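Sequential numbering of the sequence shown, starting at 1, is according to full-length UniProt numbering. We put the CB at the ideal spot given by N, CA and C, even for glycine. Keep in mind the model is a prediction, meaning the values are calculated, not measured.
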Amino acid sequence: ERNSHGAEMCPVCFSDVVSPIRLQCGHSWCKSCFANYLIASIDNKAFPLKCLGAEAKCSQTISVTAARDVLSANDFDAVADTAFHSYVYARPDEFHYCPAANCPQIYRTAPPGTILQCPSCLARICPSCHTLAHDEISCADRDTDGDKLFKEWMDNHDVKACPGCKACIERIAGCNHMTCTRCQTHMCWEC
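Have a look at this one:
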């Protein structure tokens, strides 16, 4: 975009572009606005990151190279890590975290009847219910008293499970339209 004087206008600050960064789509940003947009993505987790040009209608995904060129190594690692985890969270039918305590390992879904073994902590995992393996007991029978107590606690504290990824969601205030920050599923709080 250009302002009335013909100078390129930043899609973030709407001022003349300072220290321009030109993306593959041709839109230019102020270098500091672009860096701040990338860093803000760590908190808002709206991935994949898109160019805000053409009044935020540009659909061009921001490249890893463009992000690496403007961010410090630590900031780039933080954005890349958040993007990776957002990708995993948005695909609950494909990826899961190891259910063992304090194990950050991610694994792909496997066919029922297969017993997975975490390569990090060596825990055995049930691919059907994504809990620690429970030999000789069906997934339905494995529903423990602790699980029942947790469901009761959720009901008593107005906490619901996301219909997309089953993450716990608490509504503090606002309208009934909710968007899961984990998988971006839209839901009505009252429905």
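For residue i, three-class secondary structure by DSSP
| i | result |
| --- | --- |
| E152 | helix |
| S72 | coil |
| T82 | helix |
| T61 | strand |
| D141 | coil |
Beta-carbon proximity check, residue i vs residue j, cutoff 8 Å
| i | j | result |
| --- | --- | --- |
| C165 | C191 | no |
| S120 | Q105 | yes |
| I125 | P99 | yes |
| L23 | A66 | yes |
| V70 | F34 | yes |
| residue 193 | W29 | Nothing can be reported for residue 193, as the shown portion of the chain is limited to 1 through 191. |
| I128 | C139 | One detail in the question is off: residue 128 reads as Ser in this sequence, not Ile. The answer is yes: Cβ separation under 8 Å. |
| V79 | L38 | yes |
| H134 | R142 | yes |
| V12 | L52 | yes |
| M178 | P163 | no |
| I62 | K45 | no |
| K31 | S15 | no |
| K160 | M154 | yes |
Terminal residues of the alpha helix (DSSP H) in which residue i lies
| i | result |
| --- | --- |
| F95 | Per DSSP, F95 belongs to no alpha helix (DSSP H); it is in the beta strand (DSSP E), 95-97. |
| C30 | Where C30 is concerned, there is no enclosing alpha helix (DSSP H), although the beta strand (DSSP E) it sits in stretches over 28-30. |
| A56 | 53-56 |
First and last residue of the uninterrupted beta strand (DSSP E) at residue i
| i | result |
| --- | --- |
| E170 | 168-170 |
| T185 | From DSSP, T185 is part of no beta strand (DSSP E); its letter is neither H nor E. |
| K160 | 159-161 |
| R22 | 20-22 |
| T179 | 177-179 |
Proximity winner among the options, relative to residue i (alpha-carbon distances)
| i | options | result |
| --- | --- | --- |
| F95 | A78, L116, K160, D75 | L116 |
| A173 | A161, W189, C162 | W189 |
| Y107 | Y97, L122, A90 | Y97 |
| T82 | D16, A40, T61 | A40 |
| C103 | G113, P111, L122 | L122 |
| C25 | P48, D147, A54 | A54 |
Cβ of residue i within 8 Å of any chain C Cβ
| i | result |
| --- | --- |
| I62 | The displayed structure is made up of one protein chain only, and chain C is not part of it. |
Extract the residue ranges of the beta strand (DSSP E) inside the segment 106-139, only unbroken runs of 3 or more that lie entirely within it.
Here the runs fully enclosed are 106-108.
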